[in-house]
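Structure record follows, encoded as structure tokens.
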Amino acid sequence: MILLMGVVTVALLLSTTAHVILSSRELNDMMVKQHTTSAGLVANSSVGGIQFNDSAEVERVLAKLELLPTVLFACVYDENQKVVATYLKEGADPVEPPPVGKPGEVFREGGDLDLFQDIVQEDELIGTVYMLVSTDELNKQIRNDLMVAVLAFVAVLAVAILMGVVLQRAISRPILELAGAMGEVSQNADFSIRVDKTSEDELGVLTDGFNTMLSQIQARDAELEEHRRNLERLVKKRTASLETRTEDLAQSNADLAQFAYVASHDLQEPLRAVTGFTQLLQRRYTGKLDEKADTYIQNVVEGTTRMQTLLNDLLTYSRVGSHGEEFEPTDCNEVIRSAMANLQVAIEERDAKVTVRDVPTVIGDSTQLIQLFQNLIGNAIKYSERRPEIVISSETREDDFLFSVSDNGIGIDPVFRDRIFVIFQRLHTRLNYTGTGIGLAICKRISERHGGTIWVEEAAGGGSMFCFTIAKGSPPR
Amino acid sequence: MSPKVDLERPIEILLVEDSPTDAALTQEAFSEGKIRNNLVTVVDGIEAMRYLRREDEYADAVKPDLVLLDLNLPRMDGREVLAAIRGDENLRSLVVVVLTTSTADADIAEAYRCNSNAYISKPVDLEQFFQIVRDIEHFYFSVVTLPRT
């Protein structure tokens with residue numbers, strides 16, 4: 450505001466000064482022109498007098514100058530620069546006629562004007578007119594002018610200031626107030642600030658808008674806060690229920706594991722009694738009762754034996770997850786060697802040839818990995834019609850290790866590729882091939898525990914290639 | 008190979024087994040043996056220790072040549088019996104063979120750590136079990152020299 454007023458003041462000052470200067474110059478010029486014209490008139494009128502050496506005539510002409518109160522003194526010179534006649538204003542101080550000067554005005558030091566004018570007759574210089582002009586009047590006029598200008602300046606400045614103040618009060622202040630409030634809102638994030646409406650005009654509308662906006666923001670904030678609190682509550686509730694569920698699951702898992710163990714252990718005892726004594730029966734009475742009795746006893750024995758095997762398999766399957774060892778670096782060469790040692794009898798019986806290509810060291814449970822390889826190699830040997838030839842190879846990938854066990858056996862119909870990994874699912878009867886259908890289900894569980902998957906593809910030559918992956922450094926599940 | 012024990016008396020065997028049917032089957036197996044033997048059965052660890060220490064009604068008990076010990080017994084299980092036997096000055100040289108259905112690595116390790124003489128897991132099949140009993144007889148009564156009692 451002050452800056453603006455300062456600028457206005459300076460502008461006004463400059464304008465006033467310019468006006469004053471121009472005006473005074475104009476007045477000056479006008480005066481000079483006026484007196485030059487008068488001088489010219491005097492010059493013209495003096496021609497006759499000079500020509501006829503009539504100084505009285507010239508004096509008479511000069512005397513007319515009394516009509517011009519500004520002329521203090523005037524004189525005419527002949528061509529020899531001799532004073533022909535003079536005029537002195539009444540009451541004025543006597544003046545010495547100066548030496549002839551060039552035509553044009555000259556302002557003396559005192560402020561008065563020296564004016565010389567040539568008297569020309571038919572292009573011949575016959576004399577000169579000299580006028581001494583008082584600038585008192587001029588100065589007075591200029592002074593008046595100046596005073597008016599100053600007064601005007603002051604008045605206009607006052608008006609300007611007043612207007613400025615009024616406008617500021619009316620417009621700038623409310624806007625600045627608004628701006629100030631906005632600044633405060635954004636700096637302190639305080640949306641409770643409101644601005645008082647001071648008028649009904651556009652500013653009032655703006656203020657209303659501003660206040661409404663803030664109210665909306667506050668309302669929205671409150672809503673958001675409410676939502677957030679709701680969400681928090683919901684999350685807490687869900688977490689709590691999840692935790693409960695996890696606890697329940699853990700408990701249920703523990704219960705299941707316990708059940709599996711108890712089922713196996715405690716069920717086996719009566720099973721052993723049935724198996725044992727029916728076998729004893731078989732020992733003692735085969736051939737002593739009739740043929741049907743022999744068959745019945747045989748069937749019972751087989752049934753109970755199978756039941757025992759199934760129970761064992763079930764226990765083994767359930768133990769993959771619950772009784773796993775901690776993962777350690779395990780050399781797969783050793784693992785395969787152990788598996789093959791366990792399959793020694795089968796390998797020799799079928800004269801199986803097992804080729805092991807480069808296998809790595811993995812992080813895993815060696816016991817379970819032996820189980821896994823043992824099942825796959827065992828299957829390869831079992832499900833074959835000719836001499837089993839098995840190739841084990843591996844590939845180290847970015848996130849895991851890929852193993853493959855391929856054989857030249859009877860192969861698997863693509864339709865059954867998923868089913869064979871389901872517990873107790875078989876593709877043959879026990880008359881064709883022994884087994885309970887748990888081997889591959891166990892393999893699947895073991896590979897999953899090691900963070901991988903297992904599947905089967907067709908091997909070149911018609912047999913099967915079982916592939917499974919073991920994750921690099923995955924934690925046990 | 009001739010038996011390394013006194014032919015005049017039968018081999019004394021103590022069977023510690025809680026299941027009557029398992030005990031009956033084991034008795035059947037030993038009764039078919041070539042070598043005369045006397046199989047006494049007790050049903051749990053506490054009874055086993057009372058028998059071995061000839062307490063009360065067992066005052067006339069004979070010190071067994073061979074103890075067949077099941078692991079999972081009520082009141083005092085096989086591991087505790089082993090520890091008690093090995094801890095008793097008079098009993099620690101007894102030949103104790105753990106004969107159990109368990110195949111768990113933990114059980115095997117524990118049994119040997121408690122200084123059992125051997126660990127045998129009972130097979131499911133009767134014929135196989137009978138064969139094992141034959142093998143036990145052959146090993147401990149023909150091959151091995153048992154301590155004098």
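Residue numbers (this note's numbering), protein chains in the order written: chain A, 450 to 926; chain B, 8 to 156.
Heads up, the beta-carbon is just placed ideally off N, CA and C, and yes, glycines get one too.
What are the boundary residues of the alpha helix (DSSP H) that residue i is part of?
| i | result |
| --- | --- |
| A/E775 | Premise fails: A/E775 is in no alpha helix (DSSP H) and is neither H nor E. |
| A/K893 | 888-898 |
| A/L452 | 451-500 |
| A/N635 | Here residue 635 of chain A is Ser; the residue named in the question, Asn, does not match the sequence. Start and end: 622-637. |
| A/L603 | Just to set this straight, residue 603 of chain A is Val in the shown sequence, not Leu. From DSSP, the alpha helix (DSSP H) with A/V603 extends over 585-616. |
| B/D157 | Nothing about residue 157 of chain B can be read from this structure; chain B reaches only from 8 to 156. |
| A/V784 | 781-791 |
| A/S504 | 504-512 |
| A/Q530 | Per DSSP, A/Q530 belongs to no alpha helix (DSSP H) and is neither H nor E. |
I'd like to know whether the C-beta atoms of residue i and residue j end up nearer to each other than 7 Å.
| i | j | result |
| --- | --- | --- |
| A/R875 | A/G886 | yes |
| A/V854 | A/F915 | yes |
| B/T110 | B/S128 | yes |
| A/A790 | A/I830 | no |
| B/F148 | B/I42 | yes |
| A/F522 | A/V555 | no |
| B/D114 | B/P81 | no |
| A/Y766 | A/I869 | no |
| A/S621 | A/T519 | no |
| A/Y526 | A/T577 | yes |
| A/Y536 | A/L516 | no |
| A/I861 | A/V803 | no |
| A/A792 | A/I826 | In the sequence as presented, Ala is not what sits at residue 792 of chain A; that position holds Leu. Yes. |
| A/T935 | A/T758 | Because chain A here runs from 450 to 926, residue 935 of chain A falls outside it and cannot be looked at. |
| A/T727 | A/V750 | yes |
| A/S472 | A/D639 | no |
| B/E24 | B/A30 | yes |
Would you mind reading off the limits of the beta strand (DSSP E) that contains residue i?
| i | result |
| --- | --- |
| A/E554 | 553-556 |
| A/V803 | 802-805 |
| B/L22 | 18-23 |
| B/M83 | Segment: none, B/M83 is in no beta strand (DSSP E) and carries neither H nor E. |
| A/E906 | 903-907 |
| A/C916 | 913-920 |
| A/I575 | 573-582 |
| A/C524 | 520-527 |
| A/F852 | 849-855 |
| B/N122 | Segment: none, B/N122 is in no beta strand (DSSP E) and carries neither H nor E. |
| A/E838 | 838-845 |
Counting only the same chain and skipping the five closest in sequence on each side, list residues whose C-beta sits under 8 Å from that of residue i.
| i | result |
| --- | --- |
| A/T779 | T810, V811, I812, G813, D814, S815, L818 |
| A/R926 | For A/R926, the pLDDT reaches just 48, beneath the cut-off of 50, and the residue's location in the model is therefore unreliable, leaving the point undetermined. |
| B/A118 | L78, G85, R86, L89, V105, Y126 |
| A/L606 | V457, T458, L461 |
| A/Q667 | F640, S641 |
Among residues of its own chain, excluding the 5 on either side of residue i, which ones have a beta-carbon nearer than 7 Å to its beta-carbon?
| i | result |
| --- | --- |
| A/P643 | Strictly speaking, residue 643 of chain A in this sequence is Arg, with Pro absent from that position. Cβ within range, chain order: N660, L663. |
| B/V69 | E19 |
| A/S494 | V510 |
| A/G773 | D814, Q817, R898, P925 |
| A/A788 | I819, F822, Q823, I826 |
Which residues in the same chain as residue i place their Cβ atom closer than 6 Å to its Cβ, once the five residues preceding and following it in sequence are excluded?
| i | result |
| --- | --- |
| B/Y58 | V49, Y65, A68 |
| A/R806 | S842 |
| A/E847 | none |
| B/V47 | L21 |
| A/L453 | none |
>> I'd like to know if the stretch 75-87 of chain B and the stretch 102-110 of chain B are in contact, where contact means that at least 3 CB-CB pairs between them fall below 8 Å.
In response: yes
> Which residues, in order along the stretch 16-38 of chain B, keep a beta-carbon less than 7 Å from a beta-carbon of chain A?
Replying inline: S26, T28, D29, L32, E35
> Taking contact to mean at least 3 C-beta pairs separated by less than 8 Å, is the stretch 90-101 of chain B in contact with the stretch 25-36 of chain B?
Replying inline: no
>> I want to know whether the stretch 567-575 of chain A touches the stretch 492-511 of chain A - three or more CB-CB distances under 8 Å.
In response: yes
> Are at least three pairs of beta-carbons, each pair with one atom in the stretch 887-896 of chain A and one in the stretch 820-827 of chain A, less than 8 Å apart?
Replying inline: yes
> Would you call the stretch 546-554 of chain A and the stretch 519-530 of chain A in contact, with 3 or more CB pairs under 8 Å?
Replying inline: yes
> Between the stretch 773-788 of chain A and chain B, which residues of the former have CB atoms less than 8 Å from a CB of the latter, in chain order?
Replying inline: none
>> To be precise: take each residue of the stretch 127-141 of chain B, compare its Cβ to all Cβ atoms of chain A, and keep it if any distance is under 9 Å. Which residues remain?
In response: K129, V131, D132, L133, E134, F136, F137
> So, do the stretch 624-639 of chain A and the stretch 475-483 of chain A have three or more beta carbon pairs nearer to each other than 8 Å?
Replying inline: no
> Taking a cut of 7 Å between CB atoms, which residues from the stretch 90-117 of chain B lie near chain A?
Replying inline: T108
> Got a sec: which bits of the stretch 718-750 of chain A sit with their beta carbon under 7 Å from any beta carbon on chain B, in order along the chain?
Replying inline: E718, R721, A722, T724, G725, Q728, L729
> At a cut of 8 Å, does the stretch 462-475 of chain A reach the stretch 609-620 of chain A through at least three beta carbon pairs?
Replying inline: no
> At a Cβ cut of 8 Å, what residues of the stretch 861-894 of chain A count as close to chain B, listed as they run along the chain?
Replying inline: none
> Does the stretch 674-690 of chain A come close enough to the stretch 717-733 of chain A that 3 or more CB-CB pairs lie under 8 Å?
Replying inline: no
>> Please list, in chain order, the residues of the stretch 753-765 of chain A that have any C-beta partner in chain B closer than 7 Å.
In response: T754, Q757
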